[in-house]
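Engineer: Read in order, the letters of the sequence shown are residues -21 to -1, 1 to 192 in mature numbering (1 follows the signal peptide of the UniProt record, and there is no 0).
Virtual Cβ for every residue (Gly too), placed ideally from N, Cα, C.
I'd like to ask you about the structure that follows.
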Amino acid sequence: MKLAILRLTAAAAMLAAPLGAARADIIIAAGNNPQPDENVLLNTGLMGNPIFGTTNQTGFQVRFTSIENLIAPANGQARVEAADGTLTNLTIDLPGATFTSLILNVDAALVGTINFVVTEDNGQQTAGTFGLGASGENFFTITAINGQRMSSVNLTTTVNMAITNVDDVSQVRIGGAAGGGGTGTVVPEPSTYALLGTGIAGLGLVARRRRQG
């Protein structure tokens, strides 16, 4: 009974009515687009509840919590399984931080359904229910828009899952991580550098004018 890495493809994808007022700001959809900018990495041999991974660029801690003990059977790209082989519940969050996108790819042992509950940074919750196929190709992308941010994503399923890393798209990926806990190594966009350069040049011009005056 394999629970592959958050790989969720919705065979019969059907969004349930979101909970709370912020439903228009959270999109839960079958598929793996758009791709978030960071992989989540785990170390072999991790076991417990929770277990922790790290985003590969910004160094944010990523927490995996369940109702049972979890294990990380491989080094590198996130791969999480239940210690007893049966995983039906998992919550992903970044302690002290929030994020704007998440991709999951879940291998299911049997056809069933999967339910997501997304908690936003303002406490609002949005839920979505999808059909879950037994093909091992179940991808979902969860995205926050309109300035909204997510604090956690919980998934529960009617079938056993085993989170395994089959290929790149089956990795847990997170985008837009911000808040406490990161290393602050995000590389600014070129436009940011341009604005910074313009600002510095403006400061120099003001200083020169003051000296001349």
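Apart from the five residues just before and just after residue 198, which ones in its own chain have a Cβ nearer than 8 Å to its Cβ?
Structural biologist: For residue 198 there is no data in the structure shown, the boundaries of the chain being -21 and 192.
Engineer: Nearest-angstrom Cα distance between THR34 and ALA76?
Structural biologist: The residue labelled residue 34 in the question sits at position 55 within the sequence shown. The residue labelled residue 76 in the question sits at position 97 within the sequence shown. So the two alpha carbons sit approximately 12 Å from each other.
Engineer: For a test of the three-state rule: what should DSSP assign to LEU184, helix, strand or coil?
Structural biologist: The residue you call residue 184 lines up with position 205 of the sequence shown. Low confidence applies to LEU184: its pLDDT is 34, below 50, so where it sits in the model is not reliable enough to give any reading.
Engineer: Taking the alpha-carbon positions, what's the THR65 to LEU89 distance?
Structural biologist: Here the question's residue 65 lines up with position 86 in the sequence shown. Here the question's residue 89 lines up with position 110 in the sequence shown. Near 12 Å, if we compare the C-alpha coordinates of LEU89 and THR65.
Engineer: Distance check for GLY10 and ILE93, CA to CA, integer angstroms please.
Structural biologist: Along the sequence shown, one-based indexing puts residue 93 at 114. Along the sequence shown, one-based indexing puts residue 10 at 31. Rounded to whole angstroms, ILE93 to GLY10 spans 14 Å at the Cα level.
Engineer: Got a sec, what are the start and stop residues for the beta strand (DSSP E) THR33 sits in?
Structural biologist: The count along the sequence shown starts at 1 and reaches residue 33 at position 54. Counting along the chain, the beta strand (DSSP E) containing THR33 begins and ends at 30 to 34.
Engineer: What are the residues that DSSP puts in a beta bridge with ARG152?
Structural biologist: Here residue 152 corresponds to residue number 173 of the sequence shown, with the count starting at 1. Its beta-bridge partners are ASN18, ILE82.
Engineer: At what residues does the beta strand (DSSP E) containing residue 265 begin and finish?
Structural biologist: Past the edges of the chain, shown from -21 to 192, lies residue 265, and the structure says nothing about it.
Engineer: Which whole-angstrom value describes the C-beta separation of ILE153 and VAL59, a residue pair presumed to lie in contact below a C-beta threshold of 8 Å?
Structural biologist: Translated into the one-based positions of the sequence shown, residue 153 becomes position 174. Translated into the one-based positions of the sequence shown, residue 59 becomes position 80. 14 Å between Cβ atoms; not a contact.
Engineer: Report, in whole angstroms, the separation of the C-beta atoms of SER45 and ASN68, which I expect to be a contact under 8 Å.
Structural biologist: As a working note, residue 45 is residue 66 in the sequence shown. As a working note, residue 68 is residue 89 in the sequence shown. Contact holds; Cβ gap of about 5 Å.
Engineer: Considering only DSSP beta bridges, list what SER131 is partnered with.
Structural biologist: As a first step, residue 131 is located in the sequence shown; it is residue number 152 there, counting from the start. DSSP, once it has assigned bridges, lists ASP72, THR98 as partnering SER131.
Engineer: Taking the beta strand (DSSP E) that THR65 falls in, what are its first and last residues?
Structural biologist: Here the question's residue 65 lines up with position 86 in the sequence shown. Run containing THR65: none; DSSP gives neither H nor E here.
Engineer: Which same chain residues, not among the five before or five after ASN54, have their C-beta less than 7 Å away from its C-beta?
Structural biologist: Start at 1 with the first residue of the sequence shown, and residue 54 comes out as number 75. Correct list, in chain order: ASN22, THR23.
Engineer: Can the beta-carbon of GLY91 be found closer than 8 Å to that of THR120?
Structural biologist: Here residue 91 is taken as the residue at index 112 of the sequence shown, counted from 1. Here residue 120 is taken as the residue at index 141 of the sequence shown, counted from 1. THR120 is positioned such that its CB atom lies no closer than 8 Å to that of GLY91.
Engineer: Rank GLY32, MET129, ASP86, THR105 by C-alpha distance to the C-alpha of ALA3 and give the top, closest one.
Structural biologist: Counted from its first residue, the sequence shown places residue 3 at position 24. Per the Cα distances, THR105.
Engineer: Rounded to the nearest angstrom, what separates VAL85 and GLY102 at their Cα positions?
Structural biologist: Locating residue 85 in the sequence shown gives position 106, where the first residue counts as 1. Locating residue 102 in the sequence shown gives position 123, where the first residue counts as 1. Taking the straight line from one Cα to the other gives about 26 Å.
Engineer: Hey, SER80 and PRO15: beta-carbon distance below 8 Å or not?
Structural biologist: As a working mapping, residue 80 is identified with position 101 in the sequence shown. As a working mapping, residue 15 is identified with position 36 in the sequence shown. Closer than 8 Å, so yes.
Engineer: Going by the beta-carbon positions, is the gap between THR37 and SER131 smaller than 8 Å?
Structural biologist: As a first step, residue 37 is located in the sequence shown; it is residue number 58 there, counting from the start. As a first step, residue 131 is located in the sequence shown; it is residue number 152 there, counting from the start. Result no, Cβ atoms of THR37 and SER131 do not sit closer than 8 Å.
Engineer: Beta-carbon within less than 6 Å of ASP100's beta-carbon, same chain only, minus the 5 sequence neighbours each way: which residues are those?
Structural biologist: Residue mapping note: residue 100 aligns to position 121 of the sequence shown, counting from 1. Excluding positions up to five away in sequence, the list reads THR77, ARG128, SER130.
Engineer: ILE30 to ASN133, Cα distance in whole Å?
Structural biologist: Your numbering for residue 30 matches position 51 in the sequence shown. Your numbering for residue 133 matches position 154 in the sequence shown. Their backbone Cα atoms lie some 15 Å apart in a straight line.
Engineer: According to DSSP, simplified to helix, strand and coil, what is ALA51?
Structural biologist: Along the sequence shown, one-based indexing puts residue 51 at 72. In this structure, ALA51 counts as coil in the three-state DSSP scheme.
Engineer: Pop quiz: PHE95 and GLY110 are said to be a contact at Cβ under 8 Å. What is the actual Cβ separation, rounded to whole angstroms?
Structural biologist: Counting from one through the sequence shown, the residue named residue 95 turns up at place 116. Counting from one through the sequence shown, the residue named residue 110 turns up at place 131. Incorrect: roughly 13 Å between the Cβ atoms, too far for contact.
Engineer: For VAL151 versus ALA87, is the C-beta distance shorter than 8 Å?
Structural biologist: In the sequence shown, counting from the first residue as 1, residue 151 sits at position 172. In the sequence shown, counting from the first residue as 1, residue 87 sits at position 108. In this structure, ALA87 does not lie closer than 8 Å to VAL151 by Cβ.
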